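Structure, as structure tokens:
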Amino acid sequence: MLLDHLNRQLRERAAQSLTRTRRTAETPCAPQQRVAAGLGVESQSARDMLAFASNDYLGLAQHPVLIDALAEGARRYGAGSGASHLVSGHSRAHAQLEAELASWLAPHIPQAQALYFCTGYMANVALVQALSAQSATIFADKLNHASLVDGALLSKAPFQRYAHRNLAVLERQLAACDTPIKLIVTDAVFSMDGDLADLPAMLALAEQYDAWLVVDDAHGFGVLGAQGRGSLAHFGLRSERLIYMGTLGKAVGAGGAFVAAHPTIVEWLVQTARPYIYTTAAPPAIAHAVSASLALIASAEGEQRRAQLQQRVVQLRTGLAVLIAAYPAAGWQLADSATAIQPLVVGDNAAAMALSAALDTQGLWVPAIRPPTVPVGTARLRITLSAAHSAADVQRLLDGLALAAKDLYDRTSD
Ligand SMILES: *Cc1c(COP(=O)(O)O)cnc(C)c1O
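Numbering of the sequence shown is given in our numbering, commencing with residue 98 and proceeding in unit increments.
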């Protein structure tokens with residue numbers, strides 16, 4: 098009965114081109130990756146691909162400094178933490194990392210303290226749920242990451258969503274709200290679009306309406322602002338009302354996440370946040386590797402990697418604009434993004450899948466993103482760039498897209 102039910106629904110998803118599949122990487126996360134299609138462990142079908150798919154924006158996931166730090170951390174602290182943070186799993190490596198993260202955010206959040214989480218998903222659920230348990234209303238951009246949405250749903254607090262970046266609507270909602278606590282929750286860099294939230298204007302609204310601003314900087318930390326300190330540094334913001342979440346598995350190249358905020362907020366999370374309390378602490382070696390990554394990110398090498406990434410972004414956007422003009426029949430749209438996330442919006446699910454498949458046959462790995470991750474009718478290729486991509490890599494992608502466009506759209510428009 099259950100299986101019949103599930104199989105029927107799986108078939109329906111397949112009919113709408115919504116089936117998701119995994120690929121098995123046989124080599125580290127990098128532009129050049131050896132990957133096998135599907136779930137199998139057989140490596141006969143593995144192919145070398147040029148990938149524009151990861152969030153490893155600075156190319157640090159396989160950096161020797163991080164790998165050495167991970168190994169050294171394992172020798173020093175072992176392979177696992179053995180327990181949750183509040184029982185016995187909190188190690189010197191976690192404490193050290195939290196102190197470093199707190200000092201990174203201190204210019205932007207007075208008295209900032211930091212709390213390390215196993216994942217960004219858990220940090221967001223913890224944060225939104227724990228803070229809104231106290232008669233709050235949550236205000237959220239419609240394109241926020243799923244983890245922020247799930248935190249709000251779990252909290253059962255009143256949940257008001259506004260159209261993407263529409264601060265006029267947000268202001269009306271704030272003005273009409275009469276709960277004692279108001280939480281504005283936003284991605285800083287929107288994960289499927291690459292555009293930025295107007296954080297300065299949002300902070301001004303928070304101040305005007307006595308609200309708090311929760312900033313999810315999963316795609317900004319390490320990349321934006323001086324020394325890669327993230328979106329708050331990029332905009333030069335400072336306020337006690339800021340509650341910051343950064344992830345450590347994307348640009349930082351390791352894993353986990355953290356919340357930085359006023360000490361009272363961090364203490365409240367430690368005491369009450371269920372995704373913090375009821376889970377085994379991440380292996381201390383990962384925290385040790387993150388510390389090494391932070392030093393690298395703030396260094397001259399970090400600066401150089403960010404500059405290189407920015408050059409690739411400009412190169413790709415210039416090339417895409419030419420392609421879009423050459424193939425109007427494709428209906429492609431270039432997103433308004435200056436970040437490493439460069440979506441090419443195709444529209445239809447099947448068309449996005451066909452384009453991704455056409456690139457795949459050329460050895461190019463660019464994932465198609467479909468609803469419910471993005472709104473219906475806006476299926477897209479989510480192209481992500483990294484400092485590890487060369488100019489030749491980006492040119493190969495542009496050439497591949499031109500070939501695919503010729504194949505898919507020249508014939509239909511004839
Ligand atoms: C990836 C992501 C998260 C989740 O972080 P993980 O560490 O991968 O769990 C949260 N928010 C945004 C905007 C993200 O893109």
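For each residue, glycine too, the CB sits at the ideal point set by N, CA and C.
Computed from a predicted model, the values in this text were never measured in an experiment.
**Prompt:** Quick one: what's G444 bridged to in DSSP?
**Reply:** A476
**Asked** Three-state secondary structure (DSSP) at S396?
**Response** coil
**Request:** Could you tell me whether the segment 443 to 456 touches the segment 254 to 265, using the rule of 3 or more Cβ pairs below 8 Å?
**Result:** no
**Asked** Buried or exposed: T344, going by 16 or more other Cβ atoms within 10 Å of its Cβ?
**Response** buried
**Message:** To test your reading of the DSSP string, which unbroken beta strand (DSSP E) runs of 3 or more residues are found completely within the segment 250 to 288?
**Reply:** 256 to 259 and 278 to 284
**Item:** Counted within 10 angstroms of its Cβ, other Cβ atoms place V463 as buried (16 or more) or exposed
**Value:** buried
**Item:** Cross-strand partners of S434 (DSSP beta bridge)
**Value:** Paired residue(s): none; S434 is not in a bridge.
**Prompt:** Would the C-beta of T598 count as close to ligand 1, meaning under 7 Å from any of its heavy atoms?
**Reply:** With the chain covering 98 to 511 only, the question about residue 598 has no answer from this structure.
**Asked** For A379, which option in Q459, E195, T234 and T216 has the closest C-alpha, if you only look at C-alpha atoms?
**Response** T216
**Item:** Where Y306 falls: helix, strand or coil (DSSP)
**Value:** coil
**Request:** Measure the alpha-carbon distance for A273 versus L183 and round it to whole angstroms.
**Result:** 40 Å
**Prompt:** Beta carbon of N221: closer than 7 Å to some heavy atom of ligand 1?
**Reply:** yes
**With 16 other Cβ atoms within 10 Å as the buried cut-off, status of Q405** = buried
**Request:** Between the Cα of G317 and those of K347, L310 and I340, spot the shortest distance and give me the residue it belongs to.
**Result:** K347
**Request:** Thinking G352 and M146 are a contact (beta carbons under 8 Å), I'd like their distance in whole angstroms, please.
**Result:** Going by Cβ atoms, the distance from G352 to M146 rounds to 23 Å, so no, they are not a contact pair.
**Request:** Leaving aside the five residues before and after A358 along the sequence, list all residues of the same chain whose C-beta is less than 6 Å from its C-beta, in chain order.
**Result:** I340
**Message:** Contact between the segment 168 to 179 and the segment 376 to 394 is defined here as three or more beta-carbon pairs at a separation below 8 Å; is this criterion met?
**Reply:** yes
**Length of the line joining the Cα atoms of A220 and A426** = 43 Å
**Item:** DSSP three-state assignment for V320, whether helix, strand or coil
**Value:** coil
**Request:** Determine the extent of the beta strand (DSSP E) in which A358 is found, giving its start and end residues.
**Result:** A354 to A358
**Request:** Flag G322 as yes when its Cβ comes closer than 7 Å to any non-hydrogen atom of ligand 1, and as no otherwise.
**Result:** no
**Those residues, in chain order, that have a beta-carbon closer than 6 Å to some heavy atom of ligand 1** = T216, G217, Y218, N221, H242, S244, D284, S288, D313, A315, H316, T344, G346 and A354
**Asked** Are there 16 or more other CB atoms within 10 angstroms of the CB of N104, so buried, or fewer, so exposed?
**Response** exposed
**Asked** Given that a residue counts as buried once 16 or more other Cβ atoms are within 10 Å of its Cβ, and exposed if not, what is M98?
**Response** exposed
**Request:** Compute the Euclidean distance between the alpha carbons of D295 and G327, then round it to the nearest angstrom.
**Result:** 14 Å
**Item:** Three-state class that DSSP yields for R110 in the structure shown
**Value:** helix
**Asked** Around the Cβ of K279, are there at least 16 other Cβ atoms within 10 angstroms (buried) or fewer (exposed)?
**Response** buried
**Item:** Proximity to S390 [Cα-Cα], best of V411, V419 and G350
**Value:** G350
**Prompt:** Which of the three DSSP states, helix, strand or coil, is assigned to R144?
**Reply:** strand
**Request:** Give every residue of the same chain whose Cβ lies closer than 6 Å to the Cβ of S114, excluding the five residues on either side of it in the sequence, and list them in chain order.
**Result:** N446, A447 and M450
**Prompt:** Would you report the Cα separation of A502 and A301, rounded to the nearest angstrom?
**Reply:** 45 Å
**Message:** For the pair the segment 201 to 215 and the segment 247 to 257, tell me if three or more CB-CB distances fall below 8 Å.
**Reply:** no
**Asked** Measuring CB to CB, does V62 end up less than 8 Å from A211?
**Response** Coverage of the chain is limited to positions 98 through 511, which leaves residue 62 absent and any answer about it impossible.
**Host alpha helix (DSSP H) of Y218 (start-end)** = G217 to S229
**Nearest residue (CA-CA) to D433, options L310, V411, P125 and L452** = V411
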